Amino acid sequence: MKIILFLSIFFLNIYANIFDFRTLSSDFVQTITNEQNSTIAYTGSFYATNRQIALWIYKTPIKKKVYFIKNKVVIIEPELEQAIITNLKNSPNFATIIKGAKKISKDRYVANYEDTNYYIDVKDNEISSISYKDKLENRVDIRLKNVEKNIVLDDALFKLNIPKDYDIVTQ
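Residue 1128 in my numbering is what sits at position 148 of the sequence shown, and the numbering runs on without skipping anything.
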């Protein structure tokens, strides 16, 4: 009986540790494939906290920053010299999505957010990828590399700075 109790607690802790974090950072490759099988790949870095704050820094093929701050999203697009500000319900928050994940196989979980299923793959007790179909029926696959959990992230990293000469678009 003690062994069963120990194993139950052990596996519950493994499950909890996968999706529980104070901070999370990773490099990523985001591949988007449309219905005609045309594909574009973006690369960059990702940072998040359990305080509903996240930052996606896109490096290629275009540079941009996407800030998730509580209930809003701000996209800074240097090439267009614009900032787009939108309500969070139009763009999902990573931390919110993974908190609702349910295990569907050994290394795969699914989370449903706003009628979209997000499939989360886990490798070595870390999130390795997230895939879903967006509202335009594009297949989105995000591969995470160099994942680090619970490291110190300076709050200055998440400080939003919209250059004064940028156009601001509110959606």
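Even glycine gets a Cβ: it sits at the ideal position worked out from N, Cα and C.
Just so you know, these numbers come straight off a predicted model, no measurement behind them.
Classification of residue i by the beta-carbon crowding that lies within 10 angstroms, buried from 16 upward
| i | result |
| --- | --- |
| L1004 | buried |
| L1140 | exposed |
| I1131 | exposed |
Rounded separation between residue i and residue j - CA only
| i | j | result |
| --- | --- | --- |
| I1110 | N1097 | 10 Å |
| Y1038 | G1024 | 4 Å |
| Y995 | T1029 | Residue confidence is low: Y995 scores 41 on pLDDT, short of 50, so the model does not pin down where it sits. Its coordinate-derived value is still stated next. Going by the C-alpha atoms only, they are around 19 Å apart. |
| N1051 | T1150 | 14 Å |
| K1144 | W1036 | 21 Å |
| E1106 | I1020 | 25 Å |
Nearest-angstrom Cβ-Cβ length linking residue i and residue j, presumed shorter than 8 Å
| i | j | result |
| --- | --- | --- |
| L1133 | Y1027 | 6 Å |
| Y1099 | T1076 | At roughly 16 Å, the Cβ-Cβ gap does not stay under 8 Å, so Y1099 and T1076 are not in contact. |
| V1054 | L1068 | No, V1054 and L1068 are not in contact; Cβ-Cβ is about 11 Å, not under 8 Å. |
| A1136 | F1074 | 20 Å between Cβ atoms; not a contact. |
| F1001 | K1125 | Actually they are not in contact, since the Cβ atoms of F1001 and K1125 sit about 17 Å apart, beyond 8 Å. |
Nearest candidate by alpha-carbon position, reference residue i, set the options
| i | options | result |
| --- | --- | --- |
| L1116 | V1009, E1015, D1007 | E1015 |
| F1008 | D1000, R1002, I1033, T1040 | T1040 |
| K1043 | A1034, F1074, Q1062 | Q1062 |
| Q1010 | T1150, Y1112, E1128 | Y1112 |
| K1086 | V1102, D1095, G1080, I1078 | V1102 |
Residue i, enclosing beta strand (DSSP E) - first and last residue
| i | result |
| --- | --- |
| L1124 | 1119–1129 |
| D1007 | 1003–1013 |
| N1030 | Unbroken run through N1030: none, as it is neither H nor E. |
| I1148 | 1147–1150 |
| N1092 | 1088–1093 |
| N1067 | 1062–1067 |
| E1059 | Segment: none, E1059 is in no beta strand (DSSP E) and carries neither H nor E. |
Residue i beta carbon near the ligand NAD (any heavy atom closer than 7 Å)
| i | result |
| --- | --- |
| T1029 | The ligand NAD is absent from the structure shown, which contains no ligands of any kind. |
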